[in-house]
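For the sequence shown, counting from 1, position 18 maps to 18 in my numbering; every step adds exactly one.
By construction, the Cβ of each residue, glycine as well, lies at the ideal position given by its N, Cα and C atoms.
Since the structure comes first, as structure tokens, the remarks are kept for the end.
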Amino acid sequence: MILVAGGAGYIGSHAVIELYNKGYDVLIADNFSNSSPSVLDKLELITGKRFDHITVDLCDLEELKKRTKEYKLSGVIHFAAYKSVGESVSNPLKYYANNLQSLVNSLKLCKERDIRNFVFSSSCTVYGNPNQIPVTEKSKIGKAESPYGKSKVISEEIIQDYHHTHPISICNLRYFNPIGAHESGLIGDYPDGKPNNLLPFVTQVAAGVRDTLSVFGDDYDTHDGTCLRDYIHVVDLAKAHVNAIEYNVKNEGKHSIFNLGTGKGVSVLDLIKTFEKVNNVPINYEIVSRRPGDVEAIFADCHKAKTDLNWIAELNLSKMLTSAWKFQQNILK
């Protein structure tokens, strides 16, 4: 059984489906601080299965140990983290406290229960503002531009130190920018309150929930002056976690790092215009000043993931944007 920490969240819920599709038993652990218990019902609608789940704050080690005691766990996928770059700048202690303590407790659980398969949800933010793009796994870890990014850098260092003394199988998966939703339209990126990430804000403006999208800066050194990102469909990303679990089984005691993206840079304005085209919906946006913490441009070299994980991103930007719009429309029904 695989413990999916943060399994009711955006990426975690999609990973639960992909694990189920490959025959894995799953235990979802979540405190629903950034998700909803209704996700469990939607997972059941999609798969026909009611997944085992525990409501627990991963920052509470004793409660985590108590609630997982009855389950025979063979692996842990750790998603449980706050993820907004902008919010982390305004509330750094919230991010350090949650993102680091929840990770340490997951590793303590692995140590106590002798769980030897660990997959960590990392981020391309560890590269900071890279000198060269695309970035490879050997690219220099840069100066993270936000407390969120710093929490991921520190998390990777914690994992590395743990691996030195407890050489279990570990994959750090450095995500680029996950967007999109499950093809059913039942689960997707549904922020509590005002969105902190681009695409949920785009879909809410398209739906009339919000009036205007703010584009933070048009004076960057990119083809249209807006930030460049490597957007990846959340379903592709979820599948990579299954591959990572299987890779860990075959590579006992190895600590590996993989970039997960499409290898293509897409600007903010590119995304807006493509969304308008594929969904036939106008987006009202305005250019405002730059936002603290934003990196100018980054996209991935994913050759290692293709070679070692046997994984590539298959779903294109149009699929990402149409699926996200379908999910947004379902929310309003």
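Query: Who are the near neighbours of N284 in its chain, counting only those whose CB is closer than 8 Å to its CB and skipping five residues on each side?; Result: V205, D211, T212 and L213
Query: Of all the options G225, I187, K304 and E286, which has the alpha carbon lying nearest to the alpha carbon of K326?; Result: I187
Query: Would you give the residue range spanned by the alpha helix (DSSP H) that L3 belongs to?; Result: L3 -> not in any alpha helix (DSSP H); beta strand (DSSP E) instead, spanning I2 to A5.
Query: Within a Cβ cutoff of 6 Å, which residues of the same chain sit near I287, ignoring the five residues on either side of it in sequence?; Result: V215 and D218
Query: Helix, strand or coil for I168? Go by DSSP, reduced to three states.; Result: coil
Query: With a 10 Å radius around its C-beta and 16 neighbouring C-beta atoms as the bar for buried, classify K138 as buried or exposed.; Result: exposed
Query: For D417, count neighbouring Cβ atoms within 10 angstroms of its own Cβ and tell me buried if that reaches 16, exposed if not.; Result: Nothing can be reported for residue 417: it is not among the residues displayed for the chain, which extend from 1 to 333.
Query: Tell me whether I245 is buried or exposed, calling it buried when 16 or more other Cβ atoms sit within 10 Å of its Cβ.; Result: buried
Query: Does any residue of chain B have a CB that is nearer than 7 Å to the CB of A305?; Result: Here chain B cannot be found, since the structure has a single protein chain.
Query: Are the beta-carbon atoms of R67 and S122 separated by less than 7 Å?; Result: no
Query: Quick check for students: name the residue ranges of the alpha helix (DSSP H) that lie wholly in the region 219 to 274, counting only runs of 4 or more.; Result: 234 to 250
Query: Which same chain residues, not among the five before or five after E337, have their C-beta less than 6 Å away from its C-beta?; Result: Coverage of the chain is limited to positions 1 through 333, which leaves residue 337 absent and any answer about it impossible.
Query: To test your reading of the DSSP string, which unbroken beta strand (DSSP E) runs of 3 or more residues are found completely within the region 168 to 193?; Result: 169 to 175 and 177 to 179
Query: Between the region 265 to 278 and the region 34 to 49, do at least 3 Cβ pairs fall closer than 8 Å?; Result: no
Query: Compute the Euclidean distance between the alpha carbons of A240 and W311, then round it to the nearest angstrom.; Result: 6 Å
Query: For the candidate residues C302, D294, L317 and K319, whose alpha-carbon lies nearest to that of N129?; Result: D294
Query: Pull up the distance between the alpha-carbon of G25 and that of I17, whole angstroms please.; Result: The sequence given here places Asp at residue 25; Gly does not occur at that position. So the two alpha carbons sit approximately 11 Å from each other.
Query: Which partner residues of H78 appear in the DSSP bridge assignment?; Result: A5 and F120
Query: Could you name the residues of the same chain whose beta carbon sits closer than 6 Å to that of E44, not counting the 5 residues immediately before and after it, in chain order?; Result: R50
Query: Identify the continuous alpha helix (DSSP H) that holds T47 and give its terminal residues.; Result: S38 to T47
Query: Spell out the partners DSSP gives I28 in its beta bridges.; Result: V4 and H53
Query: DSSP on E157, reduced to helix/strand/coil?; Result: helix
Query: Flag this pair as touching only if the region 103 to 112 and the region 154 to 170 have three or more C-beta atom pairs under 8 Å; answer yes or no.; Result: yes
Query: Using three-state DSSP, classify N315 as helix, strand or coil.; Result: One detail in the question is off: residue 315 reads as Leu in this sequence, not Asn. DSSP places L315 in coil when its eight states are reduced to three.
Query: Determine the DSSP secondary structure at A300, reduced to helix, strand or coil.; Result: strand
Query: Using 7 Å as the threshold, is the C-beta distance between N196 and E296 below it?; Result: no
Query: If you drop the 5 nearest sequence neighbours on each side, which residues of the same chain put their C-beta closer than 7 Å to that of P282?; Result: E276
Query: Does the beta-carbon of H78 have 16 or more other beta-carbons within 10 angstroms, so that it is buried, or is it exposed?; Result: buried
Query: Pick from V126, I141, G23 and L107: whose alpha carbon is nearest that of V119?; Result: L107
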